[in-house]
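*Asks:* So for the sequence shown, UniProt numbering puts the first residue at 1; every next one is plus one.
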Amino acid sequence: MSDIGNPGRAAQGAAAGLSWEEIVRDHSARVFRLAYRLTGDRHDAEDLTQDVFVRVFRSLDRYEPGNFEGWLHRITTNLFLDSARRKQRIRMDAMGDDDGHLAGSVEAQPERGFEHGNLDLDVRRALDALPPDYRAAVVLCDIEGLSYEEIAVTLGVKLGTVRSRIHRARSQLRASLAHRRPTLEGAQAPAASGDAGLESAAHLWTAS
Numbered sequence: 001m002s003d004i005g006n007p008g009r010a011a012q013g014a015a016a017g018l019s020w021e022e023i024v025r026d027h028s029a030r031v032f033r034l035a036y037r038l039t040g041d042r043h044d045a046e047d048l049t050q051d052v053f054v055r056v057f058r059s060l061d062r063y064e065p066g067n068f069e070g071w072l073h074r075i076t077t078n079l080f081l082d083s084a085r086r087k088q089r090i091r092m093d094a095m096g097d098d099d100g101h102l103a104g105s106v107e108a109q110p111e112r113g114f115e116h117g118n119l120d121l122d123v124r125r126a127l128d129a130l131p132p133d134y135r136a137a138v139v140l141c142d143i144e145g146l147s148y149e150e151i152a153v154t155l156g157v158k159l160g161t162v163r164s165r166i167h168r169a170r171s172q173l174r175a176s177l178a179h180r181r182p183t184l185e186g187a188q189a190p191a192a193s194g195d196a197g198l199e200s201a202a203h204l205w206t207a208s
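1. Alpha carbons only, please: which of R168, F68, D142, A178 is nearest the one belonging to D26?
2. Considering only the alpha carbon of each residue, which of G145, E149, A178 lies closest to S200?
3. From S147 to I90, what does the alpha carbon distance come to, in whole angstroms?
4. Nearest CA to the CA of D122: which residue from T154, A178, A136?
5. Determine, using beta carbons only, whether L159 and A169 come nearer to each other than 9 Å.
6. Answer with buried or exposed for G40, where buried requires no fewer than 16 other C-beta atoms within 10 angstroms of its C-beta.
7. Which of helix, strand or coil does DSSP assign to Y63?
8. Residues in the same chain with beta-carbon distance under 6 Å from L38, minus the five sequence neighbours each way, listed in chain order, please.
9. Could you check which residue in R62, L72, P132, Y63 has the C-alpha nearest to that of D51?
10. Can you find the residues in the same chain that come closer than 6 Å, C-beta to C-beta, to R174, ignoring five residues on each side of it along the sequence?
11. Run the CB neighbour count on D142, radius 10 Å, all protein chains shown included, and call it buried at 16 or more, exposed below.
12. State the start and end residues of the unbroken alpha helix (DSSP H) segment that holds R180.
13. Let me make sure I understand the geometry here. Which of R55, G66, L130 has the alpha-carbon closest to that of H167?
14. Tell me the DSSP secondary structure of S19 in three-state form.
15. L127 lies in the alpha helix (DSSP H); which residues open and close that run?
16. Whose C-beta lies closer than 7 Å to the C-beta of D128 among residues of the same chain, with five residues either side of it excluded?
17. At 4 residues or longer, what runs of the alpha helix (DSSP H) sit wholly inside the segment 125–169?
18. Rounded C-beta distance between Q165 and Y134? I'm assuming under 8 Å.
19. Ignore the nearest five residues each way along the sequence and tell me which others in R180's own chain have a CB closer than 7 Å to its CB.
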């Protein structure tokens, strides 16, 4: 327990010399927010957040002082991509067996589209339909507000790749959300949702 309470004093300055508890306290909300925006599901976001801090704890001794929040972004995004690719392979196998059943199960639970900040069901579906690499890029850009250069570093890809993924993701999102354009443009922002980035992105994705 003492190691968890102070793992090398957060690797000798990893987060301005904060203790392990302080790192979790100061960064857990930010990590969860990104995890939720990436996964679109509260329970998946909780699992991802836990996985992130397990990875952080195990990696603190190798952390080189620098942009700690950027490091957390990379860990969160990479773990999401790993998980999303695994789930995508499973989903594709399941769709081949019973595509109609899956579509029906989504329709039967519309309330899940409004978990934690009233994430619009159509927006969630549109994001879910994106390839994981596209989703990560567009979430980091349009919702988290990272620059293309920061996203390139986070994802470990070239700047041109980032631009291409974001352009294609936005095109797919606009196509998926075209039928909701009048509704979303006239919709009231969720009260006290704390997700102004998502609201702004939804308007961007439904613009002409």
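Glycine included, every Cβ here is placed at the ideal spot set by N, Cα and C. Since the structure is predicted, the reported quantities are computational estimates derived from the model, not experimental observations.
*Replies:* In this structure, then:
1. F68
2. G145
3. 32 Å
4. A178
5. no
6. buried
7. coil
8. F80, V139
9. L72
10. W205
11. buried
12. R180 -> no alpha helix (DSSP H), and no H or E assigned at all.
13. L130
14. coil
15. 121–128
16. G40
17. 132–138, 148–155
18. Going by the sequence as given, residue 165 is Arg instead of Gln. Their Cβ separation, rounded to whole angstroms, is 5 Å, which keeps R165 and Y134 in contact under 8 Å.
19. D122, T206
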